[in-house]
Every structure is written in structure tokens, then in C-alpha cells.
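Engineer: Line by line, the protein sequences give chains X and Z. For what it's worth, the working numbering labels the leading residue of the first sequence as 28, then goes sequentially. For what it's worth, the working numbering labels the leading residue of the second sequence as 659, then goes sequentially. Provided herewith is a single structure, encoded as C-alpha cells, for subsequent inquiry.
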Amino acid sequence: MTQEHRKFICITCPRGCALDVTMEGEAVVKLEGNSCKRGVDYVTGELKDPRRMVTTTVRVKGGVHPLAPVYTESPIPKPRILDLLAEIRKIELTAPVKFGDVVIANAFGTGVNVLASRNIPAKSEAS
Amino acid sequence: MLKEKYDVIVIGAGPAGLAAAIEAKKTGAQEVLVIERAQELGGILQQCIHNGFGLQIFKKDLPGPAYAQRFIDELAGLHIDTLLDAMVLNVTSERRVYATSRWSGFVELDTRALVLAMGCRERTRAQIALPGTRPAGVYTAGTAQRFVNIEGFMPGKRFVILGSGDIGMIMARRLTFEGAKVERVLEIMPFLTGLTRNYVQCLLDYDIPLQLHHTVKRIIGNDRVEAIESVQIDEQRQPIPGTEETIPCDTLLLSVGLIPENELSRKAGVSLDPVTAGPFVDEKMQTSVPGIFAAGNVVHVYDLVDWVTQAGLLCGRNAAQYAIAERKHHGRRVKMKAGDNVRYVVPHVLDKESLAESAQLLQMRVTLPIEEPVWVEVMNGEERVTRKAELYVRPGEMVNIDIPQSAYDAVQRASELSVRVVRR
Chain X
28 MTQEHRKFIC ITCPRGCALD VTMEGEAVVK LEGNSCKRGV DYVTGELKDP
78 RRMVTTTVRV KGGVHPLAPV YTESPIPKPR ILDLLAEIRK IELTAPVKFG
128 DVVIANAFGT GVNVLASRNI PAKSEAS
Chain Z
659 MLKEKYDVIV IGAGPAGLAA AIEAKKTGAQ EVLVIERAQE LGGILQQCIH
709 NGFGLQIFKK DLPGPAYAQR FIDELAGLHI DTLLDAMVLN VTSERRVYAT
759 SRWSGFVELD TRALVLAMGC RERTRAQIAL PGTRPAGVYT AGTAQRFVNI
809 EGFMPGKRFV ILGSGDIGMI MARRLTFEGA KVERVLEIMP FLTGLTRNYV
859 QCLLDYDIPL QLHHTVKRII GNDRVEAIES VQIDEQRQPI PGTEETIPCD
909 TLLLSVGLIP ENELSRKAGV SLDPVTAGPF VDEKMQTSVP GIFAAGNVVH
959 VYDLVDWVTQ AGLLCGRNAA QYAIAERKHH GRRVKMKAGD NVRYVVPHVL
1009 DKESLAESAQ LLQMRVTLPI EEPVWVEVMN GEERVTRKAE LYVRPGEMVN
1059 IDIPQSAYDA VQRASELSVR VVRR
């Protein structure tokens, strides 16, 4: 069977290893350039089901800031990123927001929750 | 309620300052105060909503605010005083701090040990002398990041980003998420200045073009940016005539480097390293002025917040020990020098006795990338003290090496150690 070379840059950690993958059809026959075994998982993921963490903001009513930063608890499939951003854009929370509050539970049935990244206290009447 | 005298005062409540304050208190400093310019703790982490923080320290991939929240919560449980929305006006070498805020008015505070943790600032248009008109729509990447992530408005619709630093690439993705079009990222150097993984997950993933060896020749537009003219540059950093391209856009973001913020350090009489633009420090993160310590991006610009936290912890511990009982000085120190392909090494000096207690970490940046296996070598003249293998080195990625305790004897013989990076 003919062999095909594919190149990836592992994004698991800041090291950013340049990975050289030898494929035979769908199968990985050789992986070079990785410094640890997370490189293997990364290539497997990129080939079968590429995922990314998503971080963005959601509107907040009555908070010390007009936005709360949010993040996906774990990576979501790449093709769903823009859909997720559109969903998050529809939401408005009410302060106070607590770190870890669930903003969207089980997004698109992926099992991934979208959580608040920090506390947004309510704006006090005095200030 | 503020006290008149503190054991440790920390200036700056970013990751370095928070870690320093927490560790100083845990080490036994009784009265600890953190002074912060912003209205809340956390520093720049609060606007860094992207993930990638905490992999080293927490073994978790956290967004910036979540990383900060852990330290803010810990600080709150430790009875550490905070003065927010405050400006430190002056600091003396005798560790008197002059500050003002709407909450406290003008205050004069004394401290047994002082920690400088002011972080760094972005280089601006003026500092890179960018030609052209002076329209609205030219921002540093960090300013745009604050607008988009905290204050909730978009600084433009069509962007060009100059500089391939991490903040620039992260903003390219962020602006794309918010519906803007990022036309181009231009980098004057022949290599990426930020982390490679940010090139993949911020630019490649969203088809945002990167051009190395390119820069902005001039800005076009009167009231508002209308376009920029880019140009390719040669190996001598000279523009190549005929390679100009007009790229229509309404906003130009600059991600062209960070400079440690040391106005206060200067006022306190702290000596600064012209290469790092931060204080000269020893292995305890103590500056040239006894009792004044420094940690984080105020010393040198780090790649990872986890390392900033570690520097803050080290600094806070030593500041507390200094405050509790001024530690005796051995006076036997060795200078660290940047050798072949090393731009700088931190710490700048090392107490020879420090190796009796633990291995000592050296951090450095290389001058030029080497994309093949190298040795990072610590040398005393022609004698090798220790070395470490790396698969490659790049200016954008800080290099760390430990001097092991086993090198104690070799270090005692040295008056100066140089660090070099050579091909294997």
C-alpha cells in the first residue's frame, strides 16, 4: 500500500512539537517528532475527531463588567465551534455570576458544559 | 484599614504579585499588603480569556480569569490587605512607598521587604516608529483585548495585525469569533515570535494568513485607518522595493513586544539590565537594593504564566524571610553571563551557597533559532559545569536549565559562569 506523509504541530502543550506522520490509508504506521505520548493522542484526535477548547464571553446584566468570560470544560468538535458561539451570543446572564456556573449544559449533546471563567459580582448600588 | 508598617508590600496584583503575597504570608510575614492599579485583582489575566494557563502548576488547562480566581480566592482566605484602584507614586531605596487612591487618599507606608510585580507594557506605535498618517484605529493588541473581552465593544471590523506575538495571534482568533475579518498577520522576523501552537489553533484553524519577513510600510487614512501598505523585507531588514501591497482595513493591531515596566524600580535606585529592561536579580529575586525584590514580567518577559507564578512564589518566600530576619549574606557570588547564542540569563548573579540548599534554575532566551538538537551548557571558562539537551531552541520559547546540587564544588571555583547554546 502506498504511504502518505502528513505533518501536524501538536498543540497539547506550549512545546509545539512538529509531528511527522506516515499513513497507510487510514492507519498511522509511524509517528516521529513527538516528545511525549500526548503527541500520539493528538494525532489520533486530529485524524478522527479534531477538537478545540472554546473561550468567549457572554453578556451579563447588572454586573461590575458587561461581560463574563466563559469556556468549554473540555474540547468540542471543531465543526461545532461556530454553532456554539452563535448559541452563546443569545444568552444574557444576571449578576452575580460565580466561577464555574454552568452557562450551557451538554452543548449539542456533546457532553461538554460551558462554564463561567470567573466571578462577576453584582454592581453595588453605591458605586 | 491600612497599617503604617508592613512586613511585605507587593506592588501589582497580577500573577506574580498574587503568588508573592500568598507565599510571603505563608512563609510567616505577619502584615502583607498588595497595591493594585486596577479596580480588581488578577492583572492582565482577567482579559486573557483564552485557555492554556495552569498546565504546569495545576495540571489543568484553564482560561486566564479562572487561573487568577484560584489565587484571588486563596489570598482572600489569608488576611492579606489589598489597596485597589491605587497608584504608587514613588518608592525609595529605604522601602518607603507613596501611594494614592480614592479610597485611602495619599498614604505613606513603610515595609521591611518590598516586592516589585508591576509586570510589563506593550510596545506602541511610537516605539516602532511606524510611518504614515495618524488616524483612529491603531491599537496595541492588548488594548483591543481589553475592549473586546472586558468592556464589550469591538474596535473595528477589518483588521491587520502587525507582529506574530501570542497576544496578536490570540486576538486574531478572538476577533474572528466576534464576526470581524482579520486580513493578515505580518511578522518582520523570519520566524514566528509567539508559540507555535498559537499559530495552529489561532491562525491555521481559521485560515488567517501569516506573512513572515513582512512589515507595515505606512498607515493610510485621515480620520480612520483606510488601509495599510505592507512590504517585504530582506535579510538586512531593509524593505524590498516593488513588494509593496495595499491591504484595505479599518484597524491595525500592534503585537510587537512587551517591555518590563520599571519606572518605580528606577525611582527606588534599582539597577536595570539593558537587555531584559528589568532589574538585575540574584537567585532569591532580590534586586541591587537590599530588601527590594522583583518577580514576573517586571524582571523579564515570560512565555507562560505558570512560570511567572513560580517566580512570584520564590520571590515572596525570600521577601518574607528577609522581613522576618535579615538573612546573612555570604557575599560569595558568581556572575551569570550570556554566552554563544544566548541573549540573557536570569538570575544575573547567584549566591554560591544557594546550591547547598537546592538546585538553582537558570532561565534564558536564545538570540537565534536552531532547528536541530543542541546542548545548553553552563561553563566556567573551558570547564563544563552542567549541560542539558534540547531538540531545538527558538527566541520565542524560554529555555530553562537547572544547576544541580552536584555542581556545588564546580561553582565554588568560578567567579563567572557563562551559558551557551551549541549544536550537538
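Where is the CB? At the ideal position from N, CA and C, for every residue including glycine.
Can a CB atom of chain Z be found closer than 8 Å to the CB of X/Arg145?
Structural biologist: Taking Cβ atoms only, chain Z reaches closer than 8 Å to X/Arg145, which makes this a yes.
Engineer: Once you ignore the five residues that flank X/Lys150 on each side, which residues in its own chain have a CB closer than 8 Å to its CB?
Structural biologist: Hits under 8 Å: Gly89, Gly90, Val91 and Ala122.
Engineer: Using a Cβ-Cβ cut-off of 7 Å (strictly less than) and excluding sequence neighbours within five positions of Z/Ala1014, which residues of its own chain qualify?
Structural biologist: Tyr1066.
Engineer: Three or more beta-carbon pairs under 8 Å between the region 701 to 713 of chain Z and the region 804 to 821 of chain Z, yes or no?
Structural biologist: Enough Cβ pairs lie closer than 8 Å, so yes.
Engineer: Relative to the C-alpha of Z/Leu910, which residue among Z/Asp1009, Z/Val947 and Z/Lys815 is closest?
Structural biologist: Nearest option by C-alpha distance: Z/Lys815.
Engineer: Since Z/Pro1031 contacts Z/Arg1078 with CB under 8 Å, what's their CB separation in whole angstroms?
Structural biologist: Contact flag wrong, Cβ pair sits at about 15 Å.
Engineer: Cβ atoms of Z/Arg770 and Z/Leu665: under 8 Å apart, would you say?
Structural biologist: According to the sequence displayed, residue 665 of chain Z carries Asp and not Leu. Contact flag set, yes.
Engineer: Out of Z/Ser913, Z/Val1000 and Z/Leu774, state which residue places its alpha-carbon closest to the alpha-carbon of Z/Lys971.
Structural biologist: According to the sequence shown, residue 971 of chain Z is Leu rather than Lys. Nearest C-alpha to Z/Leu971: Z/Leu774.
Engineer: Mind checking which residues open and close the alpha helix (DSSP H) that includes Z/Ala978?
Structural biologist: Element bounds for Z/Ala978: Val963 to Ile982.
Engineer: Which residue's Cα is closest to the Cα of Z/Val963: Z/Lys661, Z/Pro721 and Z/Ala838?
Structural biologist: For the residues Z/Lys661, Z/Pro721 and Z/Ala838, the minimum Cα distance to Z/Val963 belongs to Z/Pro721.
Engineer: Taking 8 Å as the threshold (C-beta atoms), are Z/Ile680 and Z/Gly700 in contact?
Structural biologist: Result no, Cβ atoms of Z/Gly700 and Z/Ile680 do not sit closer than 8 Å.
Engineer: Terminal residues of the continuous alpha helix (DSSP H) containing Z/Tyr1066?
Structural biologist: Looking at the DSSP string, the run of the alpha helix (DSSP H) that includes Z/Tyr1066 is Tyr1066 to Gln1070.
Engineer: Count the other CB atoms, across all protein chains shown, that sit within 10 Å of the CB of Z/Pro937; report buried if there are 16 or more and exposed otherwise.
Structural biologist: Flag for Z/Pro937 reads buried.
Engineer: Just list the beta strand (DSSP E) runs in the region 755 to 804 of chain Z, keeping only unbroken ones of 3 residues or longer that don't cross its boundaries, in chain order.
Structural biologist: Here the runs fully enclosed are 763 to 774, 778 to 780 and 796 to 798.
Engineer: What did DSSP end up calling X/Val97 once you bin it into helix, strand or coil?
Structural biologist: Here X/Val97 sits in strand by DSSP.
Engineer: Who are the Cβ neighbours of Z/Gly686 in its own chain at under 7 Å, not counting the five residues just before and after it?
Structural biologist: Counting only Cβ-Cβ distances below 7 Å, and skipping sequence neighbours, we find Ala978 and Ile982.
Engineer: Check each residue of the region 815 to 843 of chain Z: if its Cβ is closer than 7 Å to any Cβ of chain X, include it; give the result in chain order.
Structural biologist: Here the close residues are Phe835.
Engineer: Got a sec? Which residues, its chain only, sit under 6 Å from X/Thr82 by beta carbon, not counting five neighbours each side?
Structural biologist: Cβ neighbours of X/Thr82 beyond the five flanking positions: Tyr98.
Engineer: Who are the neighbours of X/His92 on chain Z, taking C-beta pairs under 7 Å?
Structural biologist: Simply Ile808.
Engineer: Does DSSP classify X/Leu109 as helix, strand or coil?
Structural biologist: Here X/Leu109 sits in helix by DSSP.
Engineer: Listing by chain order, which chain Z residues have their CB less than 7 Å from the CB of X/Gly43?
Structural biologist: In chain order: Leu853, Thr854 and Arg855.
Engineer: For a cutoff of 8 Å on Cβ pairs, would you count Z/Gln803 as touching chain X?
Structural biologist: No, Z/Gln803 lies away from the interface with chain X (no Cβ there is under 8 Å from its Cβ).
Engineer: Out of Z/His872, Z/Tyr864 and Z/Glu836, which has the shortest C-alpha to C-alpha gap to Z/Met847?
Structural biologist: Ranking the options by Cα distance to Z/Met847, first place goes to Z/His872.
Engineer: May I ask which residues mark the beginning and end of the alpha helix (DSSP H) holding Z/Ala724?
Structural biologist: Per DSSP, Z/Ala724 belongs to the alpha helix (DSSP H) from Gly722 to Ala734.
Engineer: So that I know if they touch, is there some Cβ in chain Z lying closer than 8 Å to that of X/Leu112?
Structural biologist: Yes, X/Leu112 lies at the interface with chain Z (some Cβ there is under 8 Å from its Cβ).
Engineer: Note down, one range per segment and in chain order, each beta strand (DSSP E) of at least 3 residues found wholly within the region 928 to 962 of chain Z.
Structural biologist: 950 to 952, all fully within the region 928 to 962 of chain Z.
Engineer: So with Cβ pairs under 8 Å, would you call Z/Ala996 a contact of chain X?
Structural biologist: Not one chain X Cβ lies under 8 Å of Z/Ala996.
Engineer: Is there a Cβ from chain X that is less than 8 Å from the Cβ of Z/Ile680?
Structural biologist: Chain X, which has no Cβ nearer than 8 Å to the Cβ of Z/Ile680, makes this no.
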